[in-house]
Every structure is written in C-alpha cells, then in structure tokens.
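For reference, the structure discussed in these notes is given below.
Number of protein chains: 2
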Amino acid sequence: MRYWNSWGTDTTEKPTITEGARQFVRENLGEGRILPQATLEEVCAKVPASRLPDHELICKDVEHRVRHARGQSLPDWVAMKSGVFDRFPDGVAYPETPDQIRELMDLAREKDFVIIPYGGGTSVAGHINPPALDKPVLTLSLEHMNRLVSLDTESQVATFGPGTPGPMVEAQLARSGYTLGHFPQSFELSTIGGWVASRSSGQQSLRYGRIEQLFAGGRLETFEGTLDIPTMPASSAGPDIREMVLGSEGRMGVLSEVKVRVSPTPEKEKFFVVYFPNWRDGFNCTKTAVQSRIPLSMLRLSNATETFTQLKLAGHEDLIAMLEKYLRFRNVDEGKCMLTFGITGTRAQYRAAHRQIRRLVRHYNGVGMTIGDRIGRIWEKGRFRFPYLRENLWQEGYAVDTLETSVDWSRVDNTLNAMEDALRGALADQGENVHVFTHLSHFYAQGSSIYTTYLFRCGETYEETVANWRKLKSAASQAVVAHGGTISHQHGVGRDHAPYLSAEKGELGMAAISTLCQRFDPEGRLNPGALLEA
Amino acid sequence: MRYWNSWGTDTTEKPTITEGARQFVRENLGEGRILPQATLEEVCAKVPASRLPDHELICKDVEHRVRHARGQSLPDWVAMKSGVFDRFPDGVAYPETPDQIRELMDLAREKDFVIIPYGGGTSVAGHINPPALDKPVLTLSLEHMNRLVSLDTESQVATFGPGTPGPMVEAQLARSGYTLGHFPQSFELSTIGGWVASRSSGQQSLRYGRIEQLFAGGRLETFEGTLDIPTMPASSAGPDIREMVLGSEGRMGVLSEVKVRVSPTPEKEKFFVVYFPNWRDGFNCTKTAVQSRIPLSMLRLSNATETFTQLKLAGHEDLIAMLEKYLRFRNVDEGKCMLTFGITGTRAQYRAAHRQIRRLVRHYNGVGMTIGDRIGRIWEKGRFRFPYLRENLWQEGYAVDTLETSVDWSRVDNTLNAMEDALRGALADQGENVHVFTHLSHFYAQGSSIYTTYLFRCGETYEETVANWRKLKSAASQAVVAHGGTISHQHGVGRDHAPYLSAEKGELGMAAISTLCQRFDPEGRLNPGALLEA
C-alpha cells in the first residue's frame, strides 16, 4: 500500500539510519525537532463537501481526495505531516479508456470544473496541487491505464497507457526482451505519462536519452479535440509537435497513450564506483569521458561533501571502513570525490568502453577500479532507495530537499558554488546550519546537470519549517537563474518553479508557451497555475 | 562565381559523364530532349520595376533580384533554364548586423512589404520563392553575416552569423581544432541559419546528430521583438523554444545568430563501401548495426537499382570493372546492394567500431571490406559532387530530382516500394519511362530515411517538363503520406510540400504551428506561403 503522507509503499525494503549517521547529522545541524504528525483520520475529517456533480466516473470518497491532494515537494510534506492541506480536489476519477477521459473533459466544460491530470503524484514542484479557485477541481488519475498496449519489435516502439509506472513499464517490456531504460529517482512510483508531461530524465540518460529522445508519439486529449502524434524516426517537416507536448505539464491536454522507443535488454551491464583525490581530477575525468564520447550508460560525480556524507549515511560500516583505509593507502583521503558510472551494451561494446574509461580514470589519478564494481553493486541495489531516507531523517526532526539545474561546462563550477553558498547562508540569520552537498549527473558534451541536496533542522513549528524552506529554495533558485541555469533539468516547473521560468524563456518564449496552452485549452480548465503562473 | 541558373560555383571541380553513362540513360529513357536555355541578360531584361521604397540597405539591381528569385527545386530549374520566372523579389538586402535586420523589419511594417529570409538559396521545396502578392517582396540575404563570432571550447559551443555556409563553418572551426560535423548534400552552399530554419540533417548525423541536436540556441528577430534562446545542455522547464524555431522556415522570425554544439576534430575517420548479394542481407545488416548501437558515423544502403546505376555513372571505369569482377568471384552479382559507412572517433573507438561492423558485414554475407576503404575514399572525395550531375544530365535532355521521407522500420520496405512504383508508373500514360532508385540513410533505431532519385526525359517543352514533374511529385508524395511517412526527412516543407503537411501534423498540430507563427508575426509579413499554405 502506498503511504498517504510519505514516499513509497509499505512493501518496499527501506534503508535504515545508523547511529553514526544520526550523530553526524546532529553534530552538523543540532538536535532534531520532531513535530507532531496528523493521522489520516484527522485529515479525512477536515475534507469539505465536494463541489463536483455526481457522475459514475467521479469518486468523491474523502480518503481518495486526501491521497491525491499533494505531491512530494517539501511544502507537500509539511502539509501531509501537519495535516494542514488548505485544499483538496473535489473528487478523483480513474478513467480506463481515452473515451472516458474525453467524457470527463466534456463534463468539465458542461459543469464548469477544472481538471488536474495525475500520474504517480511524485512531483517535487507542486505540479498536481489543487489551485485556489472558485471552480471545483477534479483530479484525473491515470493509474488504471497502465498496460503495454502494443510492441513493434521491428521498429522498437512500444505503446503504453499513460499511467503505467516505471516498474510496470520495465516488467511488461522485459517479457519480450526489451527495456525502456528510463530510470528517474522516482522510478518506482512515477508514470510514463508523467515523464513526458514533465520532461523527465533518468539515471542512464547517457545511453538511453532523456524522455525527449524516448517519446515517439501518442495521443493527447485536448479541449479542441484529440491530437494524434504519429511515430516517425525523424522529420524536417516544420516544428515538432512532440516537443510542444513534452513539458506541457497537463496544460495542453491529457495524454491518453504514450509511444516510446525501446531497446533490447543489454547483454551486459555493470556499475562502478571510483574515487579521485580531489574535485578537479574528478571533474576533468568526467568531462573528458563525455566529450570524447566514451559509450557509458551513466556518470555521477559527487563533490567532496557529498562523498563524505554518502560514506557516513550509507550503512555497510565495515565495508566502508575497509574502503577508506584502502583509499588512504592510495593517497585518496580528505577532499576525495566519488564517481559512479555504468557500462551497458553488447559484450564487445562493454569491453571497449571499459578499456577506455579505465585508462581515463587512471590518467586523472582515480583509484578503486578493481573493487569498484562491488561498491557499484551496492549503488545499483539502492538506486531508488534514496527518497526513503527523507522519512528516516524526518523522524529524527530534520528536513531534506533537493534542487537541480543544468549549465554549460564553462559555468558549472561557479553555478555549483553559488547554489551551495546560497543554501548554506540562507538561515544564518537564525543561527541555523544547513548541510549542503552536490553531484553532477546527466552529462552532455555541452555541460552537466547540477543536483544539490540540503538538510536542515525542522523549525519549532510547521509554519517555521516551511518558511525556512522558502528562504532556502528562493535563495538557491535566484542563484541558479543569475548564473544562466535552467530552473529545472529534470523536476519540471509545476507551481514552485513557475516564477523563475521567464528568466530562461524570456518574454517572447513565455508568450509562445502561453499561446500554445490557450490554443488547446481556451477556457483554462487544465491544471491552471502549473508551468505558467496565470 | 555562383551559377545563376544551376547548382554550384564555376570554381568547383565537377563530375563528368562518360559515354557509357550517356548510353545507359539513353537506353532507359530514350533520346534526351534538349530545351533552349535563356541567358541571364534575357531574364534580367524581363524584371519589372521594383515596388520597394528606396533605402540604403535595399539593393534593387535586376541581376541581384534574378539571382535570389529561385532555389533548386525542379520547377525552379525549369524557371531558370527557360527564363520564365513569373515573379522576382522587388529587392535584395544584405544586412550585416542584427540591428540592420531589425531596421529592415521595421521598414517592412512601415512601408507594408513582406520579407523572405534567405540563406544559401539551396531549397529544393520552394522555400524562398516570392509569393504572388500585391505587396512588394524583399529578399533578406544573410550572406554577409558569415563569421564565427565566438567559441566556448570548454562547453564546445560556437556562435555563428546565420548566413555562414558549410565550408566557412568548418574552416573557421578547424582553426581551433573543432568541427560541427553537419554535412548535408547541399553543404557547399547552404548556411547554418538555413539548416536550423529547415531542420536539416547531414550525412554523418549518426554521430553528430541532426541540426535539432546541434542547435544550442541563438537569436531570432521577430515582429514582436527579439527572442533570445540561451544555451543550456538540457532542461525540463516546459516546452523547448529551440524546437519551435527549428523548422519554422522563416515564418516566426529571422535568425540573427546561431549557437551550435561542436566537437573536437576526430583523431581518425574513414569511409568504406561494401556489397551485399541482395537487399535483404544489406537491410538486416544495416538495421542491426544501428539498433545494436555500433558507433558508426554514417550509413547508407543503396538498393540494387541505385547500386547498379551508381556503378554505371561513377566514372572510374577500370576500377569498377575490376571491382565487379571481384564481386562476381565472391558470388555477389545481379541484385547486389552497396553499403557505404563511416567510422569516426578516437583511435580506440575507431578500432572497436571497425571490429564490430566487420563482424556484422561478414555475418550478413557482405564482401569487399578489405578494399572497401579505397572505394570509400572515392565516395568521400565526391560526397558533395552529386548535385552537379544534374547539370550534366540536363545538358543531355534529362531531368533528375529526389524526394525523401522517413518511416519506422516496420514500414520501410512497403513505403520504399510504393514510392518507387508511384514514380515508375506516373508517366506511363505518355509512354515515358522513369528511372528510379533509392537508398536508405540517416538511420535510427526506430527506422530510416528513404531517399529516392528519379530521372526522366525532359518534355517537348518546359511546360510539359514541369507538368510531368508535377505528376511524378504528386504520385510519390501521396504514396509517402499514405504509408505514414513524413513529407520530408531533411528537405523541409517550403511551398511544394505544404499541401501534404497536415497529413502528419493533423488538424490540431497545424493549428499549433499556425498559432505560433501568428503570435510572432501577426501581420504575416515573413515568408508567407512557406510551411503553411495560408
């Protein structure tokens, strides 16, 4: 069963937090502040009467409405933990066919309500939160449309229901020997339609591409009719309609079918972890690897604080002690930086890539290649476990959040430092420390994403906690924008990033996007407030 | 000097046509019909008075107007050869700065004229032809904005003037050890701005990507202001503005600066030609190569008729005789298909790719790998020479044109056959043969482009020639659309393909594109009639 007020499901093996980790956090941030948590019953009792009409496709049950009221942003957590939701959707629908989606949209026009398309509810930017409107709000959950509809093995194109979550995408493809290869951190819960709507990127985008490269076409139900996007490998015939749907965050229409480019399950895949004596060596190795097109499937370079923190929080204390001893022996100690990478392909391709990266790691003074696959296996096993740690920390009285951007290589260092500095100093006036660390991932010849995690102590109250988060988020977002970074490389815009979007799109770019949304949804009934502020 | 009524410049080494080739064409199509050609003087004498106002940036010289009146489509050739142009631009401007572009756009609004942005004038789909309008037409040639403005070697991003032609792009980058790697057939004359505006693709797109992947940002001057597109390696923040500009064919604005992703000059590059005993083997080898991600930089598979025709037309008669003898000895004879491929990269990557493709070619009964690089060098030397052959054939009384699409793998065979059949039969009612052959190139895991060339005899008159071309073009275009192919994989839409665009975009897709164009150019002053019929 999915948790109603936390990440994940109760059937998943979760990480634990060791005494050493607990002590590390306490030393850095002070004694945690454990705030009282509301129960599901208490929250359900607060849900007001629904303003939606009765309809066989609309469920007005209060628990359903609570469970679809919020995503996974930090303000969402504060709402779920405190029980102060402000708003709930007036109902939830679970259509099973494109026709039912259309039926609900027709009803929305007739009965004057708005619709929030809902995939896995994993947004960390407020994509699916009910807006403050006089009109009733229907959350349209696509979770029942979760099947592999067809698979063209010759063209390697698979057609899915839009609400298919990551594990069901992979399991249904695996039966025929295929993979999509899209593994965002939210993989366990997020859906293929959500990936398209929010321009998602997965851990192995270096091989498989971002969702922009994987999305081949499909159907979008709009208020002006159905937009059918046929599959074609490429076209020079005018602007690409796919690219207008990608990132439209439910403002243009509801995806009722998603076609994606799949690949045969690779013959061989392994992940490795190696260590560099300092940031500069790791940075140069990674940049060179991607710019010289070494065919890796993932790369992730942690800065010294992230490396240090991960080793503290990882568990596996005996193994880590042994590793640290070995690294010291190889003169990789204080300031060391961890690089995680994956090699995927045919056996011949695997061998070729392994040879190339091994040589490069050595050239840049990296060590640990020989034992690197053992730690790589630990990473692989826990690759979707990180979000669960948020709950562990919360229970100790600490909040954790992440933010990210991407910039050209010539701006990576300055942007990273500015983001970290902004976060570290944001609560100084209250005498509160913020523990900040960063990795680069999602590498491109042109630049890299920058992914920063920050831990801070909960406030005395929920209000103070969310107020502190706002200070942190706003300071870091301003730093991102000031350095020419995108307000999001992989989380999307939602409501939390909307105020910063115009910095990268410009006035005319914003006008273009807004014109498109209006063209497909002239009455503004679809997810108002997401992507565009108005 | 650029030819005013043919492809290319008079300083380029051109291919010659052998007696054997001449005979081959004559046997297939009958005696050529050589039509009388107009001279430049005759055409200049027909140019009407300009309707444009006097302005220091506007040149009204008749020869300039003749030289910018048409592109390189077959109807354009008929116009240029016959001297019957119908329309000329009322003037040509050669702005040198973004400000001068804006000045001319302001003037267009003030004096009520329309503007056709003009790159290299290499369109084969009627992109830059003056429309039939009451308003004066200014052709805005960007040829003076042809410089590398800046190069960020760390991020591998280069900023160019929009009118920089292929050879100047490469030469200016080569000085710093970089390449763009974009080599369309029109490379010698087409420009970087034109590539973006028409969503171009180059011969080595397998390595470097299409222009969509290379275009990193820049400036578009629109009637609503300047659209600045900042460079970022990737973003999930809403629909991608770059993708709206790509393929906008001058309808949204005039590119005044183009930023592209460049690569270091590769350590090693070679091209190879090998032969398969039949289409099926060649098809399977090529499809497997691309779907299993063998890191090649180009692939081009000719069908049996193209292979046969190329060997007939290639010149190098002794070498070809020797080759054919060798192939017969290896049981590769009638029905054989030629595969051209390129390997590009570091030495280690070259070796790895060479090993992988060699094994695959052998597996699919391909032969000639050991001597393949010698013929590959001939291909490389002549890679931009093919368009010159059109003039040779024209002088013999024959017309040649090409058309292309892309489709998913499961549709390639049927679409290819339908296109060829449509062309072969299109002039049957007149008892005219059409010589048709095809290659696949621009490969994707999902499918392939299909590039078909057709030769036919000129008509008794120019009118008959262009009428026959219309029958051919329309038959093939209908076949493309009926099989779900894009109306263009690399040539763009222009005016010739505009009637077929809605087949792939759908009514709503067309509405989206049209809405965007109107948002940026509310009065319809930019290239009216291109891309969208209205």
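Protein chains in written order, with the numbering used here: chain F, 1 to 534; chain Y, 1001 to 1534.
Quick reminder that beta carbons are idealized off the backbone N, C-alpha and C, glycines included.
Nothing here was measured: the structure is a model prediction, and the numbers come from that model.
Determine the chain Y residues that contact residue i at a beta-carbon separation under 7 Å, and present them in chain order.
i, result
"residue 154 of chain F", "1409, 1410"
"residue 533 of chain F", "In chain order: nothing, as chain Y lies at least about 12 Å away."
Of the residues the options, which one's Cα is nearest the Cα of residue i?
i, options, result
"residue 984 of chain Y", "Y:1247, Y:1315, Y:1491", "The structure shown does not extend to residue 984 of chain Y, since chain Y is modelled only from 1001 to 1534, so the question has no answer here."
"residue 523 of chain F", "F:2, F:388, F:251", "F:251"
"residue 1533 of chain Y", "Y:1478, Y:1354, Y:1126", "Y:1126"
"residue 448 of chain F", "Y:1245, Y:1176, Y:1156", "Y:1156"
"residue 79 of chain F", "F:15, F:189, F:4", "F:4"
"residue 202 of chain F", "Y:1292, Y:1232, Y:1236", "Y:1236"
"residue 1098 of chain Y", "Y:1225, Y:1294, Y:1243", "Y:1225"
"residue 441 of chain F", "F:528, F:392, F:206, F:431", "F:206"
"residue 16 of chain F", "F:511, F:359, F:317", "F:317"
"residue 540 of chain F", "F:338, F:145, F:183", "Because residue 540 of chain F is not part of the residues shown, which for chain F are 1 to 534, the question remains open."
"residue 84 of chain F", "F:47, F:105, F:61", "F:47"
"residue 1186 of chain Y", "Y:1179, Y:1194, Y:1470", "Y:1194"
"residue 1150 of chain Y", "Y:1262, Y:1372, Y:1010", "Y:1262"
"residue 249 of chain F", "F:198, F:260, F:257", "F:198"
"residue 1018 of chain Y", "Y:1012, Y:1290, Y:1315, Y:1031", "Y:1315"
"residue 216 of chain F", "F:180, F:190, F:412", "F:180"
"residue 1139 of chain Y", "Y:1146, Y:1402, Y:1148, Y:1128", "Y:1128"
Quick one: which chain Y residues come within Cβ less than 9 Å of residue i?
i, result
"residue 228 of chain F", "1506, 1508, 1509"
"residue 442 of chain F", "1233, 1234"
"residue 459 of chain F", "Correct list: empty, because the minimum Cβ distance to chain Y is about 29 Å."
"residue 540 of chain F", "A question about residue 540 of chain F goes unanswered here, because the residues of chain F that appear run from 1 up to 534."
"residue 355 of chain F", "1348, 1352"
At 7 Å on the CB atoms, spell out the chain F contacts of residue i, in chain order.
i, result
"residue 1243 of chain Y", "239, 240, 243"
"residue 1512 of chain Y", "241, 244, 516, 519"
"residue 1200 of chain Y", "236"
From residue i to residue j, what does the alpha carbon distance come to, in whole angstroms?
i, j, result
"residue 1445 of chain Y", "residue 1281 of chain Y", "17 Å"
"residue 120 of chain F", "residue 72 of chain F", "10 Å"
"residue 1021 of chain Y", "residue 1308 of chain Y", "11 Å"
"residue 311 of chain F", "residue 450 of chain F", "20 Å"
"residue 1100 of chain Y", "residue 1400 of chain Y", "39 Å"
"residue 397 of chain F", "residue 38 of chain F", "15 Å"
"residue 531 of chain F", "residue 1467 of chain Y", "51 Å"
"residue 369 of chain F", "residue 304 of chain F", "19 Å"
"residue 1291 of chain Y", "residue 1470 of chain Y", "37 Å"
"residue 1053 of chain Y", "residue 1111 of chain Y", "7 Å"
"residue 1322 of chain Y", "residue 1329 of chain Y", "11 Å"
"residue 359 of chain F", "residue 285 of chain F", "10 Å"
"residue 1030 of chain Y", "residue 1435 of chain Y", "11 Å"
"residue 431 of chain F", "residue 1229 of chain Y", "40 Å"
So residue i contacts chain Y; which residues on that side make the cut at Cβ distance below 8 Å?
i, result
"residue 288 of chain F", "In chain order: nothing, as chain Y lies at least about 11 Å away."
"residue 406 of chain F", "1232, 1233, 1234, 1235"
Mind listing the chain F neighbours of residue i? Cutoff is C-beta to C-beta under 8 Å, in chain order.
i, result
"residue 1159 of chain Y", "Within chain F, no residue comes near residue 1159 of chain Y; the closest Cβ sits about 12 Å away, beyond 8 Å."
Assuming residue i and residue j form a contact by the criterion Cβ under 8 Å, report the distance between their Cβ atoms to the nearest whole angstrom.
i, j, result
"residue 87 of chain F", "residue 158 of chain F", "Contact flag wrong, Cβ pair sits at about 37 Å."
"residue 1490 of chain Y", "residue 1297 of chain Y", "Not a contact, Cβ separation roughly 17 Å."
"residue 68 of chain F", "residue 118 of chain F", "6 Å"
"residue 1299 of chain Y", "residue 1341 of chain Y", "5 Å"
"residue 1253 of chain Y", "residue 1222 of chain Y", "4 Å"
"residue 1115 of chain Y", "residue 1525 of chain Y", "6 Å"
"residue 1025 of chain Y", "residue 1455 of chain Y", "7 Å"
"residue 356 of chain F", "residue 1348 of chain Y", "6 Å"
Going along chain F in order, which residues have a C-beta closer than 9 Å to the C-beta of residue i?
i, result
"residue 1293 of chain Y", "207, 263, 295, 345, 346, 349"
The ligand FAD heavy atoms versus the CB of residue i: any closer than 7 Å?
i, result
"residue 1117 of chain Y", "As far as ligands go, the structure on display features none, and thus does not contain the ligand FAD."
In chain order, what residues of the region 1250 to 1264 of chain Y put their CB closer than 8 Å to some CB of chain F?
-> 1261, 1263, 1264
Taking only beta carbons into account, state which residues of the region 479 to 505 of chain F come closer than 8 Å to chain Y, listed in chain order.
-> 484, 485, 486, 487, 488, 489, 490, 491, 492, 493, 497, 501, 504, 505
Going along the chain, which residues of the region 196 to 226 of chain F sit with their C-beta nearer than 9 Å to a C-beta in chain Y?
-> Result list: 198, 199, 200, 201, 205, 207, 210, 211, 212, 216, 220, 222, 224, 225, 226.
Taking only beta carbons into account, state which residues of the region 423 to 447 of chain F come closer than 9 Å to chain Y, listed in chain order.
-> 442, 443, 444, 445, 446, 447
For the region 460 to 479 of chain F, which residues have a beta carbon sitting closer than 9 Å to at least one beta carbon of chain Y?
-> From the region 460 to 479 of chain F, no residue has a Cβ closer than 9 Å to chain Y.
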